[in-house]
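A.B. asks: First the structure, which I've put down as structure tokens, then a few questions once you've had a look.
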Amino acid sequence: MKKILYFLVFIVLVACGKKDGSSGESFSSYSLVKVDSFQVNNMTRVQITDFSKSENIYLAYTEAENDILEISPDGEILKRVNRTGDGPNNMGNWVPLGLSFGPSGERVFQLPFQLLTYDKDYSQTSNIRIQSPLPVRAYIPLGKTHYFTENDQPRYLVGPTTFLSAHLLIHNEEGRDTLQNFSLLYPESGEMKSIVPYESDSYYKKTDNIYYNRMGKSFFVEGDELVVVQNLADEILVYDLKNNFQLKKKIPIVHSAFEQYSPLPIGTPMDDSRMKELNLMAGRNDKIFSLGNQKWLLSYYQGVSPSVYEARNSEDSPFSISKSKDKFKLLVFEDGKQTAGELSPPNGRMLFGLNNNRILVLEEPSEEVEEEFTRYSIYELKKE
5 MKKILYFLVF
15 IVLVACGKKD
25 GSSGESFSSY
35 SLVKVDSFQV
45 NNMTRVQITD
55 FSKSENIYLA
65 YTEAENDILE
75 ISPDGEILKR
85 VNRTGDGPNN
95 MGNWVPLGLS
105 FGPSGERVFQ
115 LPFQLLTYDK
125 DYSQTSNIRI
135 QSPLPVRAYI
145 PLGKTHYFTE
155 NDQPRYLVGP
165 TTFLSAHLLI
175 HNEEGRDTLQ
185 NFSLLYPESG
195 EMKSIVPYES
205 DSYYKKTDNI
215 YYNRMGKSFF
225 VEGDELVVVQ
235 NLADEILVYD
245 LKNNFQLKKK
255 IPIVHSAFEQ
265 YSPLPIGTPM
275 DDSRMKELNL
285 MAGRNDKIFS
295 LGNQKWLLSY
305 YQGVSPSVYE
315 ARNSEDSPFS
325 ISKSKDKFKL
335 LVFEDGKQTA
345 GELSPPNGRM
355 LFGLNNNRIL
365 VLEEPSEEVE
375 EEFTRYSIYE
385 LKKE
């Protein structure tokens, strides 16, 4: 009997903050301005994963308590539900990987092997099996489950590589060659199919080796398009949802700095000393956000050179990406083109766009006292 390997995902929530007098900053005609803030009062940290414009509420999850929250724009908890445990209406002991609003006012929960939908009263409306090769345990949701509609039916983008680096699925040459970016779930039949392979000119296709921990991606669905950026890409790929995911266009990305390191052979042990180059030192596209009005933000980590790594690494204070805040930058795209210059990210962790050129940011907790609330800020992208 095969032994199933469970990956316990401890997410490194990188707090991308400003640095006074940051080097390499180039002028941008845009700025991110804090326009609003709120706090959610709760004993444990609250992770907001989605916003419903039609219902004007946030959807969230609480650490440790495993409660589902619906929250007003000013931070008031309007509803608290728990669906942990056994029973026909519950999710078992899994923390959802994806938590989001779905079609027709449904709430969508993506578990490692199931996609569950609930109505507004949190009565389960569907339970669909997901064929996944990688059981993943998380302590908070990793994001939202994206979907689009086709013939009035939802189509869900699911599977572990929608959230995690795809190197986790590659254990042999066949796995590397056949890897697809997404699994598409048809809820009416339960059918799944792999879609959107790596492009022939992708970094990942130019070598027989593997970019460990640099095979993730960020994406969103906007209208009839799927917008995707890979960790190591120098372009954004736009796919046509109405034309069998045909590649519609490529949008070049110009990074001011982007440290690159060599990939490693399949099967390289995780304790190999070269792993730190890919894990900690290599640049990566971090996350892409749609702010509405044909404006996008791309957050990226520039990476560090060997000399910078050594200067920032010691036995008492090991090198940490989260402490290298000066190495995170933002690029602005407008109408499918990159604009000039770069921005420093706001203090905290950017979560998702809210349209109207706005973005939700999770503020950093106090390091000195234990807080019984979670703070959020809203920033607006403004042209100067």
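Read in order, the letters of the sequence shown are residues 5 to 388 in this note's numbering.
Even for Gly, the Cβ is constructed at its ideal location relative to N, Cα and C.
1. Between the alpha carbons of Phe323 and Lys280, how many angstroms are there, rounded?
2. According to the Cβ coordinates, are Ser130 and Pro92 closer than 8 Å?
3. Hey, would you say Arg278 sits closer than 8 Å to Asn235, going by beta carbons?
4. Per DSSP, which one or two residues make a beta bridge with Trp300?
5. In whole angstroms, what separates the C-alpha of Glu69 from that of Tyr34?
6. Going by C-alpha to C-alpha distance, which of Glu368, Asn248, Lys254, Ile214 sits closest to Val231?
7. According to DSSP, is Leu188 part of a helix, a strand, or is it coil?
8. In three-state DSSP terms, what is Glu314?
9. At the level of alpha carbons, what is the spacing between Ser120 and Lys386?
10. Straight-line CA distance for Gly102 to Phe152?
11. Rounded to the nearest angstrom, what separates Val112 and Leu161 at their Cα positions?
12. Would the region 81-88 and the region 137-145 be scored as touching if the rule is three or more Cβ pairs under 8 Å?
13. If the criterion is Cβ atoms closer than 8 Å, does the pair His408 and Asn217 meet it?
14. Could you tell me the alpha carbon to alpha carbon distance between Gly220 and Lys299, rounded to whole angstroms?
15. Counting only the same chain and skipping the five closest in sequence on each side, list residues whose C-beta sits under 6 Å from that of Lys148.
16. Whole beta strand (DSSP E) runs in the region 81-158 with 3 or more residues, listed along the chain?
17. So, helix, strand or coil for Ser76, using DSSP?
18. So for Leu358, helix, strand or coil by DSSP?
19. With the cut-off set at 8 Å, would you say Ser163 and Ile199 are in Cβ contact?
20. Hey, quick one: how far does the beta strand (DSSP E) through Ala64 stretch, first residue to last?
21. Going by beta-carbon coordinates alone, are Val391 and Tyr383 separated by less than 8 Å?
22. What is the DSSP secondary structure of Glu367, counted as helix, strand or coil?
23. Does the distance from the CB of Leu115 to the CB of Pro100 come in under 8 Å?
24. What's the call for Val365, buried or exposed, on a 16-neighbour Cβ count within 10 Å?
C.D. replies: Quick answer:
1. Spanning the two alpha carbons is a distance of roughly 10 Å.
2. Annotated as distal: Ser130 and Pro92, with beta-carbon spacing of 8 Å or more.
3. Note that the C-beta distance between Arg278 and Asn235 is not below 8 Å.
4. Paired residue(s): Ser294, Phe337.
5. Taken atom to atom, the span from the alpha-carbon of Glu69 to that of Tyr34 is near 40 Å.
6. With distances taken between Cα atoms, Val231 lies closest to Lys254.
7. Looking at Leu188 - three-state DSSP - the assignment turns out to be strand.
8. Helix.
9. Going by the sequence as given, residue 120 is Leu instead of Ser. For Leu120 and Lys386, the gap between their C-alpha atoms comes out near 38 Å.
10. Note on geometry: alpha-carbon atoms of Gly102 and Phe152 lie some 15 Å from one another.
11. The alpha-carbon atoms of Val112 and Leu161 are separated by roughly 12 Å.
12. Between the region 81-88 and the region 137-145 there are fewer than three C-beta pairs closer than 8 Å, too few to call the two in contact.
13. No answer is possible for residue 408: the residues shown for the chain start at 5 and end at 388.
14. C-alpha separation (whole angstroms): 22 Å.
15. Sequence-distant Cβ neighbours of Lys148 in its own chain, meaning closer than 6 Å and more than five residues away, are Thr53, Asp54, Gly102, Ser104.
16. Listed in chain order, they are 81-85, 102-105, 111-114, 118-122, 128-133, 140-142, 151-154.
17. Looking at Ser76 - three-state DSSP - the assignment turns out to be coil, as it is neither helix nor strand.
18. Strand at Leu358.
19. Here residue 163 turns out to be Gly, not Ser, going by the sequence shown. Cβ distance not < 8 Å, so Gly163 and Ile199 don't count as in contact.
20. Where Ala64 is concerned, the enclosing beta strand (DSSP E) stretches over 61-66.
21. As displayed, the chain neither begins before 5 nor continues past 388, which places residue 391 out of reach and without an answer.
22. Of the three classes helix, strand and coil, the one that applies to Glu367 here is coil, per DSSP.
23. Yes, these two residues count as a Cβ contact at 8 Å.
24. Classification for Val365: buried.
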